[in-house]
Structures are given as structure tokens and as C-alpha cells.
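Novice: Protein chains in written order, with full-length UniProt numbering: chain A, 1 to 202; chain S, 1 to 185; chain D, 1 to 302.
No residue lacks a Cβ here, since even glycine has one placed at the ideal position from N, Cα and C.
Small disclaimer: the values here were computed from a predicted structure and weren't measured.
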Amino acid sequence: MDNAEYQHKVSKLSLRNGQNYSRSLGQAGNLLSSITKRYSTIIASTPYEIVDEDKETNVAKDIIKKINDQIAQSQEGRLFAIVHLAGKQFRITEGDVLVVEGYWPPNCGDKISLDKVLLVGASDFTLIGRPLVQRGLVNIEATVIEKTLSHTKTHFRKKRRKQYKRIHFYKIPQTYLRINTVKVTGELNNPPEVRGLEKAIF
Amino acid sequence: MSNSHLFLKPAFITTPGQNGVGRYFCQLQRVVLKFCKNNGSSRGMREFIENKLIDFVKETPEVAVYMKPRRHRTPIIRAEYLNGDTQWVNARNFTEDEILKWLQLLKTQSSDKTGIRLRKLLHTDHPSVQGPWTPYTFRDPKLNLAEFPSPELAGPHVVETTATEELLEMYKNQQIEDVNEKRAE
Amino acid sequence: MLCRQTLNLTSRIINQNLIPIQFINSRNIKRWVSPTIKEINRRRKKVGPDPIKPRYSYLEWNYDVELYCFGKRVGETFKDNFLREALVQREYANVEEFRAEKEGNESYVPEESNTQLASEGHKIIYNYIGEVYLKSYPQDVTTAIQNYLTSDKLLGHVAKYLGLTDLVKSVEYPPETKTLADAFKAIVAALESSSGLERAQLFVKDFVIVQMNGKDVYDIWTPERPFDYLMKLLEEKGIKEVEPRLCNQSAVNTILANYQVGLYNKADKKLLGIGWGESVKIAKDTAALDAIQKIYCKHNSN
Numbered sequence: 001m002d003n004a005e006y007q008h009k010v011s012k013l014s015l016r017n018g019q020n021y022s023r024s025l026g027q028a029g030n031l032l033s034s035i036t037k038r039y040s041t042i043i044a045s046t047p048y049e050i051v052d053e054d055k056e057t058n059v060a061k062d063i064i065k066k067i068n069d070q071i072a073q074s075q076e077g078r079l080f081a082i083v084h085l086a087g088k089q090f091r092i093t094e095g096d097v098l099v100v101e102g103y104w105p106p107n108c109g110d111k112i113s114l115d116k117v118l119l120v121g122a123s124d125f126t127l128i129g130r131p132l133v134q135r136g137l138v139n140i141e142a143t144v145i146e147k148t149l150s151h152t153k154t155h156f157r158k159k160r161r162k163q164y165k166r167i168h169f170y171k172i173p174q175t176y177l178r179i180n181t182v183k184v185t186g187e188l189n190n191p192p193e194v195r196g197l198e199k200a201i202f
Numbered sequence: 001m002s003n004s005h006l007f008l009k010p011a012f013i014t015t016p017g018q019n020g021v022g023r024y025f026c027q028l029q030r031v032v033l034k035f036c037k038n039n040g041s042s043r044g045m046r047e048f049i050e051n052k053l054i055d056f057v058k059e060t061p062e063v064a065v066y067m068k069p070r071r072h073r074t075p076i077i078r079a080e081y082l083n084g085d086t087q088w089v090n091a092r093n094f095t096e097d098e099i100l101k102w103l104q105l106l107k108t109q110s111s112d113k114t115g116i117r118l119r120k121l122l123h124t125d126h127p128s129v130q131g132p133w134t135p136y137t138f139r140d141p142k143l144n145l146a147e148f149p150s151p152e153l154a155g156p157h158v159v160e161t162t163a164t165e166e167l168l169e170m171y172k173n174q175q176i177e178d179v180n181e182k183r184a185e
Numbered sequence: 001m002l003c004r005q006t007l008n009l010t011s012r013i014i015n016q017n018l019i020p021i022q023f024i025n026s027r028n029i030k031r032w033v034s035p036t037i038k039e040i041n042r043r044r045k046k047v048g049p050d051p052i053k054p055r056y057s058y059l060e061w062n063y064d065v066e067l068y069c070f071g072k073r074v075g076e077t078f079k080d081n082f083l084r085e086a087l088v089q090r091e092y093a094n095v096e097e098f099r100a101e102k103e104g105n106e107s108y109v110p111e112e113s114n115t116q117l118a119s120e121g122h123k124i125i126y127n128y129i130g131e132v133y134l135k136s137y138p139q140d141v142t143t144a145i146q147n148y149l150t151s152d153k154l155l156g157h158v159a160k161y162l163g164l165t166d167l168v169k170s171v172e173y174p175p176e177t178k179t180l181a182d183a184f185k186a187i188v189a190a191l192e193s194s195s196g197l198e199r200a201q202l203f204v205k206d207f208v209i210v211q212m213n214g215k216d217v218y219d220i221w222t223p224e225r226p227f228d229y230l231m232k233l234l235e236e237k238g239i240k241e242v243e244p245r246l247c248n249q250s251a252v253n254t255i256l257a258n259y260q261v262g263l264y265n266k267a268d269k270k271l272l273g274i275g276w277g278e279s280v281k282i283a284k285d286t287a288a289l290d291a292i293q294k295i296y297c298k299h300n301s302n
């Protein structure tokens, strides 16, 4: 291995904790190995780690390929997802029933798709959105099965010694949703195009 | 403030007919409108029957609507659901719009919900997809071969660095920097 | 209620002028109220609850409207005569015929019972479930599911939540589970002859197969000896030897002992299934069940 090639390789190595050691790279030949050696011998020191970017990207590619293969052969099994719906987050999977509280326009029998997906998981992998999973990658469909009112809630205010007492009763509209499908469509990093969501604010 | 809701009947979400998994079907079977033909408290009900009932029935052919006049009694709406529940709504002095609104509510419900407090807003049959945690999850494999009693495993498991170790580390870091500076010169 | 009755009674008495009117003017403490109510309640309790009145005995009942609404509710179009026939229990038809004979009613047209339709419907349901499940499960699992989904208990449940309790013409009320199940099967057959097999299968899918939601196939079908069953399965796949390993154990020699056993392929040392149990034998069986599920579940979402 000649010197230029070696230096190229060394320059791709960086320390994960963000410290800048680039100024010493010129003579870094035996130094780096000594650092790693020294730090590995200390029993409970700060866990410095040398990261090879090439290796990292290869590992990532490999994992993504594995997931894509699993999805293509539909061997991913049951999926669960975390969706953001009407101001709350729900962990859902196929066949669940969830209740959305407050005024919400959809009517009974309507089929809706839930697009604000924060996370999708299967038994072998988890896709975590930053903050949302790629648009169009996950297809979650739900049916509105019931619209009703909650139990009567009491709002009672009283101020002592001030002759002030108010009592107020109210009910909250509730909408029951049945989750029909939770599916990953298309490939990771290459999801199918979705139309009609241009104006949606996520 | 008030905790009166604690005495309501607590319940979880149930859907015995599995509505919505396949097709959606209306859970209200039939509705009986009981009213008086000349009492003032039934006025709204009579107006509803005259003006709005036909439209309501056309919109919802899946609900059987019956009318039952009876003298000098308060008007009520009696709703019967597919799960066998019956619900009465006292419609005394209701306007026609109020009656329509109540009927729409009854139509979208699946059972009599009065006096029932939901304990959870989510029902799932698969609480864990990736498997629940067990004491065996992420267990160090070297424990399989460990022989007890072992002096190493008997003591407390210390993760934090001691002050001495940190000082040593700082000293060594300093040494590296010294070497680097010398080389740079 | 009581007030109303007493009021009626007193007004009647006053009208008949049987008792002098000054009796009513006396303003004493009404000591008779409490004992009377107590006595009425006691008698009420002694008699027991009222028998359940069938819905068709109410004044507000129109069978034609109910049938129309039923069709609309499930979103299917039925031929009227088929639907009517599907809802008649066999015993009911017989009893009605005997009664007409006894009364000498010659204009009575005997009603057809749903026996024929029910058997046809059973076939449709059974075959369609098989069709659906054979795509992803082997024959013995499919048969178990077919039997489960066509059992009277499950179909009775489905029929009950479709509102057939009030629609079925039966001798007893509320109708028995078997009556309801038969009526449901007959309705499927009626739908097949009204709108075709495809609609009937869709109906079965949306109302019967849907009942598998939230249920585990392997709760319905479990082999009696999982380990032997697994060995048979593995032999077909060319794996001859299995190596059970005790992976973890805790609380040994206590009543809450727990063992974790993993089954490994002896040739390539790969995990086939893993299971827990309070003894090694049970853990081995659960591991075998897990392995069987892994083999069968490959192409399923469950």
C-alpha cells in the first residue's frame, strides 16, 4: 500500500464523537492505531469509535435491500404504525378500532387514508420517520364505523366565600375508526408518487 | 372537579359484528316515533313528521321508521339497535330540527351509549407486533456459560467512570496532544 | 303509575257517587301508601319478570318494511320470495300447517321452510372459506377454520348481529342459535339465487370471514403433539434432525419455573422456533408450535 492511498483511506476515517483530528492526519499513520488500542484497553472510558463511512453506507444499503426484498415477497408479516390523527398519536395495526375525540367531519361509512405516519414497524424492522415516513411509502386505510357522544362530563367551578358557583355539563363528539389496511407500498427511498396531497399540510 | 363519571358503567370498545372490517352497515334497526296528535309538547314532532320525515326515510332506507300516536303523552323516540339495545329519547318540546339531529345521532350509533364511560380510546387485538419484553431479551450470551458463584458477577455492575479514570484519560489526552505538537513542529 | 291508577279509581268512585264526598276532604297522613306499594312490589317479585314479548307482537310492526330494510342494510338485492323462504324455520312451517288443518282453514297456503336453502348456503359458505384459506394455509388448518366458521355458534352470532332475531319466523322466541344459523345460511343461498354466486361470496367474506379479525388461526387449529407434527413437516422439507437447546431458564425448582427452549436445525445450526414453558417438555412443545407457525405463516400477514 503506497502512502497516497493510505492517506486517502485515513482521511475517510473520522472519530464519531465529532472531535477534529484532521490537523494531525499527516503523521497519523501509527497514531490512530495507538489511539484505538489505548482506548480499548481502558475499562470504562468514553466510548470512542472509529467509523468507516464506506463500510457504514454498505451496511445501510444491505439492510435496506433486505427490507425491500422482504416487502417484495410480502414476508414482512403484521405491520404496526404510529399515526398522527386529529392532534393525537395512535399506535395502530390492522383490525384496530380507535376513537377520535372532538368535532371531526367524516361521516359513517366513509373510507379515509391516514397519511401522517410517524413510524412503521414489522417483526424484523422498524422505519422511523424524520419526522414523517416518506410520503406514499405506507398505505393506511380506515373506515368510519360510528359517530356518537361521550358520557356526560361535569365542569364545576366554585370560589369559596365569594358566592360563586357554576356547573356545566357537556359531551364530546366521538368518531370510531376501523383500521382496514396497514401496508408498505413500493420500495424504501423510492416510494410511489402520491397525488392530491399538494395542498395538505403535515 | 366532579368525579361523578367514576360511577358510570366503565366499558371498553366492542364491535361484536366486526362492522367496518368488511363493509359498513348501519347499526340502527328501527325507530318508533311516539307522539300526541294535539298536545303542545308534541308540536315539534308533528312538524318533523310533516316536513322532514320523508326526506329522512329516503336518505336512510336501512332503518324502519314507525309512528305511534297516543293521546296526552310526552313524545319520545325509541331506537332499536342490531345488538338488541333499545334507547329512549325524551322529545318533549323538541323542535323539528332537534328531532332530526337526534335521529341522525341514533343512526350513527351502534348501541345505547348513555351511562357508559369508555376506559380506553383504542382497541387492539395485537398489543405487541415485535414481541413483548422478557427477562431473556437482550440477555448477555456470556451468562449462559458463566459458573455461579462467580466473583466478577457478584459485585455491582459499574458503568460510570471513576474520577481517577477520568483524570488518567485527561492525562493521556494531554500526552497525545503534546506528541502531536512536537511532530507538527 | 300508581298515582294514575288511584286517581282513576277515585274519580270513578266519585262519579258513581258510592261514597260520600267528605271522605276525600280529610287531610290525614296517608298511612296506606307505603304498605300498598310494598304489597304490590312483593307480588311483583313473586310473579317474576315478564316473559320476553316477541317484537312481532307489538303494534308497530310491519314485516314487509323490515325485510326491505334488511336488504338495504346489508346492501344486497334479494328476490322477495327467496328472502321470505329463507327466514322460515322448519318447525314453524309444520306447526302453522297443523294449526290450519285443525282449524279447517282450507285457503291456507303452506309456507316453504328454509331447510333446503340452509343446506345450499352451508355448501357455499364452506367452499368459499376453503377457497380463501387454501391460498395461504395447508389443508388441515383450512378444514379446522371451515368447521369453526360454519359452526352454529359462530353463524348464530353473526345472524344475531345482523338483526335476524326479530325477522326469523320460529316456534320459540328468542330463536335458538341453530335456528339463527340456519336462517343465515339460507340467506346466503337466497342471495346466490337472487344476485349470483359472486355477490353471495362477497357477502360471506364481509360477514363471516370478517369474524376471524382479532382471532389467531393457531388458537383454532392446534396439533395434539406439536413436536411429532413438526418432525413430519420437516421431513418433507428435507430436514432430518432437530437439536433442541435450553436457551434460558429462571426460577428453577420453584412453582414459577420458566424455561426457554430453541429448536435448531442440526445441519446448518439455524433457529427453527423458540418457545417458553413451565417445564422443559412444555417449552419444547411451544417451540415446536412456533416452528410450525413459522413454516406455515411465511406468506401471511398474521
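Note the first and the last residue of the continuous alpha helix (DSSP H) segment covering Tyr164 of chain A.
Specialist: Tyr164 of chain A -> not in any alpha helix (DSSP H); beta strand (DSSP E) instead, spanning 164-170.
Novice: So that I know if they touch, is there some Cβ in chain A lying closer than 8 Å to that of His126 of chain S?
Specialist: Yes, its Cβ sits closer than 8 Å to a Cβ of chain A.
Novice: Let me confirm a value: Arg178 of chain A is counted as buried when at least 16 other C-beta atoms fall within 10 Å, else exposed. Which label applies?
Specialist: Buried, because 16 or more other Cβ atoms sit within 10 Å of the Cβ of Arg178 of chain A.
Novice: Quick one: measure Cβ to Cβ for Arg73 of chain S and Cys36 of chain S, integer angstroms, because I've assumed they're closer than 8 Å.
Specialist: Yes, they are in contact, since the Cβ atoms of Arg73 of chain S and Cys36 of chain S sit about 6 Å apart, within 8 Å.
Novice: Taking all protein chains shown into account, decide if Asp140 of chain D is buried (16 or more other Cβ within 10 angstroms of its Cβ) or exposed.
Specialist: So Asp140 of chain D ends up on the exposed side.
Novice: Would you list, in chain order, the members of the segment 17-31 of chain S that have their beta-carbon closer than 7 Å to a beta-carbon of chain D?
Specialist: Within the segment 17-31 of chain S, the qualifying residues are Gly17, Gln18, Val21, Gly22, Arg23, Phe25, Cys26, Gln29.
Novice: Please list the residues of the segment 89-119 of chain S that have a C-beta atom closer than 8 Å to any C-beta atom in chain D, keeping them in chain order.
Specialist: Listed by position, the residues of the segment 89-119 of chain S near chain D (Cβ gap below 8 Å) amount to none.
Novice: For a contact defined as C-beta to C-beta under 9 Å, what are the partners of Leu8 of chain S on chain A?
Specialist: Correct list: His151, Thr152.
Novice: Using a Cβ-Cβ cut-off of 8 Å, state whether Glu97 of chain D counts as contacting chain S.
Specialist: By this cut-off, Glu97 of chain D is not an interface position.
Novice: Measuring alpha carbon to alpha carbon, tell me which of S:Gly84, S:Ile49, S:Pro149, S:Lys34 ends up nearest Arg70 of chain S.
Specialist: For Arg70 of chain S, the nearest C-alpha among the options comes from S:Lys34.
Novice: May I ask you to report which of helix, strand or coil DSSP gives Gln70 of chain A?
Specialist: Helix.
Novice: Contact criterion: CB-CB distance below 8 Å. Does Ser194 of chain D meet it with respect to chain S?
Specialist: No, its Cβ sits nowhere closer than 8 Å to a Cβ of chain S.
Novice: Which residues, in chain order, does the segment 130-159 of chain A contribute to contact with chain B at a C-beta distance below 9 Å?
Specialist: Chain labels in this structure do not include chain B; the protein chains are A, S and D.
Novice: Span of the beta strand (DSSP E) holding Tyr264 of chain D?
Specialist: Where Tyr264 of chain D is concerned, the enclosing beta strand (DSSP E) stretches over 258-265.
Novice: Taking the continuous beta strand (DSSP E) assigned at Met67 of chain S, which residues delimit it?
Specialist: 64-69 is the span of the beta strand (DSSP E), which, as asked, contains Met67 of chain S.
Novice: Name the two residues that bound the continuous alpha helix (DSSP H) containing Asp182 of chain D.
Specialist: Per DSSP, Asp182 of chain D belongs to the alpha helix (DSSP H) from 177-195.
Novice: Closer than 8 Å by beta-carbon distance: list the chain S residues that pair up with Arg78 of chain A, in chain order.
Specialist: Going along chain S in sequence order, the residues near Arg78 of chain A (Cβ under 8 Å) are His126, Val129.
Novice: Strictly under 8 Å for the Cβ-Cβ distance: is Phe227 of chain D near chain S by that measure?
Specialist: So, not an interface residue.
Novice: Go ahead and label Thr185 of chain A buried or exposed: buried means 16 or more other beta carbons lie within 10 angstroms of its beta carbon, across all protein chains shown.
Specialist: That one is exposed.
Novice: Per DSSP, what kind of secondary structure is Asn144 of chain S in: helix, strand or coil?
Specialist: Helix.
Novice: Work out the CA separation of Leu180 of chain D and Leu164 of chain D for me, nearest whole Å.
Specialist: Approximately 7 Å between the Cα atoms of the pair.
Novice: Fully enclosed by the UniProt domain "Ribosomal protein/NADH dehydrogenase" (37-110) of chain S, which beta strand (DSSP E) runs are 3 residues long or longer?
Specialist: 64-69, 76-81, 86-90, all fully within the UniProt domain "Ribosomal protein/NADH dehydrogenase" (37-110) of chain S.
Novice: Going by C-alpha distance, which of D:Pro138, D:Lys270, D:Ser279 is nearest Tyr259 of chain D?
Specialist: Minimum Cα distance to Tyr259 of chain D is reached at D:Ser279.
Novice: Please report the straight-line C-alpha distance between Val217 of chain D and Gly20 of chain S, rounded to a whole angstrom.
Specialist: Each residue's alpha carbon lies about 21 Å from the other.
Novice: Of the choices D:Arg90, D:Ala186, D:Tyr128, whose alpha-carbon is the least far from that of Glu111 of chain D?
Specialist: With distances taken between Cα atoms, Glu111 of chain D lies closest to D:Arg90.
Novice: Closer than 9 Å between beta carbons: that is the criterion. Which residues of the segment 152-164 of chain S meet it against chain A?
Specialist: Per Cβ criterion, the list reads Val158, Val159, Glu160, Thr161, Thr162.
Novice: Within the 8 Å Cβ cut-off, does Leu121 of chain S reach chain A?
Specialist: Yes, its Cβ sits closer than 8 Å to a Cβ of chain A.
Novice: Report all residues from its chain with a CB closer than 6 Å to the CB of Leu155 of chain D; omit the five preceding and five following residues, and keep chain order.
Specialist: Excluding residues within five positions, the ones whose Cβ falls inside 6 Å are Ala181, Phe184.
Novice: In chain S, which residues lie with their C-beta within 8 Å of the C-beta of Tyr161 of chain D?
Specialist: Correct list: Pro16, Gly17, Leu82, Asn83.
Novice: By the three-class DSSP mapping on this structure, what secondary structure does Leu188 of chain A have?
Specialist: Coil at Leu188 of chain A, not helix or strand.
Novice: If I'm right that Leu85 of chain A touches Val100 of chain A with Cβ under 8 Å, what's the distance once you round it to whole angstroms?
Specialist: The Cβ separation is near 6 Å, so the contact holds.
Novice: Under 8 Å between the Cβ atoms of Leu28 of chain S and Lys107 of chain S?
Specialist: Yes; because the gap between Cβ atoms is below 8 Å, this pair is in contact.
Novice: Identify, in the order they occur along the chain, each residue of the same chain with its Cβ nearer than 7 Å to the Cβ of Leu271 of chain D, setting aside the five sequence neighbours on each side.
Specialist: For Leu271 of chain D, where only same-chain residues beyond five positions count, the Cβ hits under 7 Å are Gly262, Tyr264.
Novice: In chain S, what lies closer than 7 Å to Val97 of chain A by C-beta?
Specialist: The contacting residues are Ile13, Thr15, His123.
Novice: What ranges does the beta strand (DSSP E) occupy inside the segment 104-145 of chain A, keeping only unbroken runs of at least 3 residues that lie completely in it?
Specialist: As far as the segment 104-145 of chain A is concerned, its whole beta strand (DSSP E) runs of at least 3 residues are 111-113, 117-121, 126-128.
Novice: For a contact defined as C-beta to C-beta under 8 Å, what are the partners of Gly75 of chain D on chain S?
Specialist: In chain order: Arg23, Phe25.
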